[in-house]
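Quick note on the working numbering: the sequence shown kicks off at 68 and runs consecutively.
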Amino acid sequence: MKLRLHTKHYFVIYFVLLMVLYHFKIKTYFYWRYVAHLKDSAFDFSLLNLVLAVVIFGIDLYFLMNIKKTKLVFIILSLFFALLTIPSLIAFTSGEMYPVQILIYHQLFFFSLLLFSKVQINFDKVPVLNKKVALYLLLIVTALGTIPYLLVYGPHINLKNLLLIDVYETRSVMNATSNAYFGYTYSIFTKIIIPLIIVFALELKKTIWIVVGASFLILFYLFGAHKTVLVSLFVVFLFYRFTYYGAVKKIIALSGIFIVVCIFLAVLGVDYPWIVSFRRVHFLPSLLDICYVDFFNQQPIYWSESILKSFFDYPFDLNHTNLIGERYFKNQDMAANNGLISDGFMNFGTLGVIINSFLVAVYFMVLNSLKIPSRYFGLFVLVVFSFISSSTLTVFLTHGALALLLISIFLLNDKKG
């Protein structure tokens, strides 16, 4: 008899395997040792916390599995669950090193997304641009918008970057010649406009524009040498043919397989795969949550590094990312980026976490109210990752979240769906 596993079973397997990898390898990484030493403690294992984590995991999974599988919120909440909620629950099993306060913040965010997804806004009367017209409009915008990049970055293009060689050298050169236009448009082009060109071209079966779109994305990668740009090219094609439910099932199943591979290689002494994947993506944000909550407890900065800097004075000499890098990781240049939980706490304590959770929940509430076909989901993946690893206001203003919202309303809403 063939064994047929439901998505909830894959999540359970994923949770268990990730727990094993965390306690076997990840919490032994030197970043964790640095933080534990500063707090005169250790990342141990608490049986009581494990029991609580398993119970909470079961409750979260129950609510997740009862969401309508054809809605955008199902895959959005599934990604946040896999990338934020589950790592938070696992980190909580380390005992006193992971404060219950942070676990509560993550549960607050999870259920904020869940509850706000129940609210629906009617966009039926909002006009949607014809896809063929939209495709050519986006091509024109991209062609014109690329000109300043060619003039400034063109002479510094290094084709070795295509082989991932000299990447950081290129970034250093490009950062030195950057300006406000590049800062505000780079993510919009690479995460939204150009991927959308590719998806529209796929829909309309316009092979030439698929090639043009892919070429634009590769060109923009050469402008900044940001590997996420190449990832976005892969993601767009990967998600184009999957349903929301099918994509979630495949992501969790393949992630589980990769965890097993990482554990097997780690036993053989090969640590690089888990270091660049699960350590970086899943558990470094949870470690940074500990650092930010510890450092900014009782001394929030009230968004004094953001658009509100005219109203509040920033109290430190270093940027907050360098500040945390120097304090907790002995490396001022580490640039320890914070996600929506730590960003909210840093700016306004618990109320800041509530504000960020509200903003992100409302954002996805609006998107979930639209009828967005699953083939467009590749556009949303990098925005989800941005919320996990960047300041919330920065994601809205410079990482393309607001631009994606407007494009979704006027270009992606399928009124026939």
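Ideal Cβ positions, reconstructed from N, Cα and C, are used throughout, including at glycine.
Thr95 in three-state terms, based on DSSP
In this structure, Thr95 counts as helix in the three-state DSSP scheme.
Starting from the C-beta of Asp481, find all residues in its chain whose C-beta is less than 6 Å away, skip the five residues before and the five after it, and write them out in chain order.
Excluding sequence neighbours, Asp481 sits near Lys438 and Pro440.
Specify, as a first and last residue, the run of the alpha helix (DSSP H) that Thr213 falls within.
Looking at the DSSP string, the run of the alpha helix (DSSP H) that includes Thr213 is Lys198 to Tyr220.
Could you have a look at Met68 and say whether DSSP puts it in helix, strand or coil?
Note that Met68 has pLDDT 46, beneath the 50 cutoff, so the model's placement of it is unreliable and the number below is only indicative. Of the three classes helix, strand and coil, the one that applies to Met68 here is coil, per DSSP.
Buried or exposed, going by whether 16 or more other CB atoms sit within 10 Å of the CB of Met68?
Any answer about Met68 is weak, because its pLDDT of 46 lies below 50 and its placement is not dependable; what the coordinates show is given next. Residue environment: Met68 is assigned as exposed (fewer than 16 neighbouring CB atoms within 10 Å of its CB, all protein chains considered).
Leaving out five residues on either side along the sequence, give the residues of the same chain with a beta carbon under 8 Å from the beta carbon of Thr209.
For Thr209, the CB contacts under 8 Å within the same chain, skipping 5 residues up- and downstream, are Phe256, Ile260, Ile261, Ile264 and Phe283 in chain order.
Would DSSP call Asn404 helix, strand or coil?
Taken through DSSP and simplified to helix, strand or coil, Asn404 comes out as coil.
Return the first residue and the last residue of the alpha helix (DSSP H) that Ile368 is part of.
Neither: Ile368 is in no alpha helix (DSSP H) and is coded neither H nor E.
Should Tyr458 go down as buried or exposed, given a rule of 16 or more other Cβ atoms within 10 Å for buried?
Note on residue identity: the sequence assigns Ser, not Tyr, to residue 458. Buried is the label assigned to Ser458, since at least 16 other Cβ atoms lie within 10 Å of its Cβ.
Flag this pair as yes or no: are the beta carbons of Phe249 and Val219 separated by less than 9 Å?
If you check the CB distance, Phe249 and Val219 come in under 9 Å.
Neighbour-count burial assignment, Ile169, 16 or more Cβ in a 10 Å radius
Counting C-beta atoms within 10 angstroms of its own C-beta, Ile169 has 16 or more neighbours from the protein chains shown and is therefore classed as buried.
Proximity of Ile359 and Ile324 at Cβ, strictly below 9 Å:
The identity of residue 359 in the sequence shown is Tyr, whereas the question assumes Ile. 9 Å or more divides the Cβ of Tyr359 from the Cβ of Ile324.
What whole-angstrom Cβ distance do Tyr98 and Leu385 have, given they're in contact under 8 Å?
About 19 Å separates the CB atoms of Tyr98 and Leu385; that is not less than 8 Å, and the two are not in contact.
Lys294, enclosing alpha helix (DSSP H) - first and last residue:
Start and end: Lys294 to Phe306.
Cβ shell of Leu305 (< 6 Å), same chain only, five flanking positions each side left out:
Correct list: empty, nothing qualifies.
Compute the Euclidean distance between the alpha carbons of Val266 and Tyr443, then round it to the nearest angstrom.
Cα-Cα distance, rounded: 7 Å.
Could you give the C-beta distance for Val420 and Tyr172, rounded to a whole number, given that I count them as a contact under 8 Å?
Sure, about 5 Å apart at Cβ, within 8 Å.
Are Ala468 and Ser179 touching if we call contact CB-CB under 9 Å?
Not in contact: Ala468 and Ser179 (Cβ atoms no closer than 9 Å).
Return the chain-ordered list of same chain residues with a C-beta closer than 8 Å to the C-beta of Lys138, the five sequence neighbours on each side being excluded.
The beta carbon of Lys138 sits closer than 8 Å to the beta carbons of Ser184, Tyr311 and Asn435 from its chain, once the five residues preceding and following it are set aside; these are given in chain order.
For Gln187, name the three-state secondary structure that DSSP assigns.
Gln187: coil per DSSP, three-state reduction.
Under 9 Å, do Tyr235 and Ala158 count as touching if we go by C-beta distance?
Contact flag unset, no.
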